[in-house]
Amino acid sequence: MRFITFLLLTLFTGPTIASAINPISLYGERIEFDVVREGEVVGEHITRFQQVDDELRVSSNMNIDIFILFLPVYSFDYRTTEKWVEGKLVSLDVNVVDGSDHLSFKAQRKDAALEIQLKDRIAEINKPVFTTNHWNANVVKDNQVLNTLTGNLNAVTITPKGEEEIIVSNGSLNAQRYDYSGDLEDTSVWYDEMGRWVKLRFLASDGSTIEYRCRTCKAGGAQ
4 MRFITFLLLT LFTGPTIASA INPISLYGER IEFDVVREGE VVGEHITRFQ QVDDELRVSS
64 NMNIDIFILF LPVYSFDYRT TEKWVEGKLV SLDVNVVDGS DHLSFKAQRK DAALEIQLKD
124 RIAEINKPVF TTNHWNANVV KDNQVLNTLT GNLNAVTITP KGEEEIIVSN GSLNAQRYDY
184 SGDLEDTSVW YDEMGRWVKL RFLASDGSTI EYRCRTCKAG GAQ
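Numbering (the numbering used here), first residue to last: 4 to 226.
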């Protein structure tokens, strides 16, 4: 089974987002989500933030475990570590286990280019780029993103869909919804009035709906 076949992307447009956001001031040391498939919690996503001198370190871990009659039928494990300096990505380490498939790659900034080292090739990105690791809302200002599930550079288009009420850990809050198209499809994301990522929903390859439901978000928009 393949429940994760395309990238999970978060997007935001709004006047409250600065050109170089401080995720620790937005989220604290971490943001947590339950991963929900067709109404059932099947895993979790946790992103942690740490400032070390001038370097921002961001680790994102996500896991899914599917059981049928108490027997495991599918698992997905996703782990990345990003390092940012002065708002620019300087290194990325990715490890993904999707059922029986494994993917790992690294990226390292060398001079003005980000060099991506995949198993069978080396590629370069010659401009600043955001990953699809959800937390950095400034990704909406660009039209391409580094896909952390494939190592490819993807073209995206974002469409705002208006404000909606969403469910979080202890109630509900209002958030702006955004849909995207292009290389990445069938995904919607929501941000609160401060530009914090509060929800993700996408259609999996088997036709099921996957949602990220925020555990650390507070009703009314506090966090």
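Just so you know, even glycine gets a beta-carbon here, dropped at the ideal spot from N, CA and C.
Fair warning: this is a prediction, and the values are worked out from it, not measured in the lab.
- Annotation for residue 158: 146, 147, 185 and 186 place their beta carbon closer than 7 Å to its own, counting only its chain and skipping 5 residues before and after.
- Taking a C-beta distance under 8 Å as the contact criterion, residue 193 and residue 167 qualify as a contact pair.
- Fewer than three beta-carbon pairs drawn from the region 103–113 and the region 169–179 are found closer than 8 Å, and the two stretches are therefore not classed as touching.
- Here the C-alpha atom of residue 136 lies approximately 21 Å from the C-alpha atom of residue 125.
- Contiguous beta strand (DSSP E) elements confined to the region 179–220 occur at 190–194, 200–206 and 212–217, taking only those with 3 or more residues.
- Annotation for residue 131: 91 place their beta carbon closer than 7 Å to its own, counting only its chain and skipping 5 residues before and after.
- When secondary structure is reduced to three states using DSSP, residue 141 falls in the helix class.
- As a beta-bridge residue in DSSP terms, residue 38 pairs with 46 and 215.
- Boundaries of the alpha helix (DSSP H) harbouring residue 29: 26–30, taken from the DSSP string.
- Check the Cα spacing between residue 189 and each of 208, 198, 179 and 178: the tightest is with 208.
- Note on the region 81–157: whole beta strand (DSSP E) runs with a minimum of 3 residues are 91–101, 104–113, 116–120, 125–128 and 147–149, in chain order.
- As the crow flies, the alpha-carbon of residue 133 is around 11 Å from that of residue 117.
- Of the candidates 51, 44, 62 and 206, 51 places its Cα closest to the Cα of residue 33.
- Pairing residue 46 with residue 67 gives a Cβ-Cβ distance under 8 Å.
- Looking at 96, 97, 127 and 138, the one whose alpha-carbon comes closest to that of residue 217 is 138.
- When the alpha-carbon of residue 60 is set against those of 38, 83 and 165, the nearest one is in 83.
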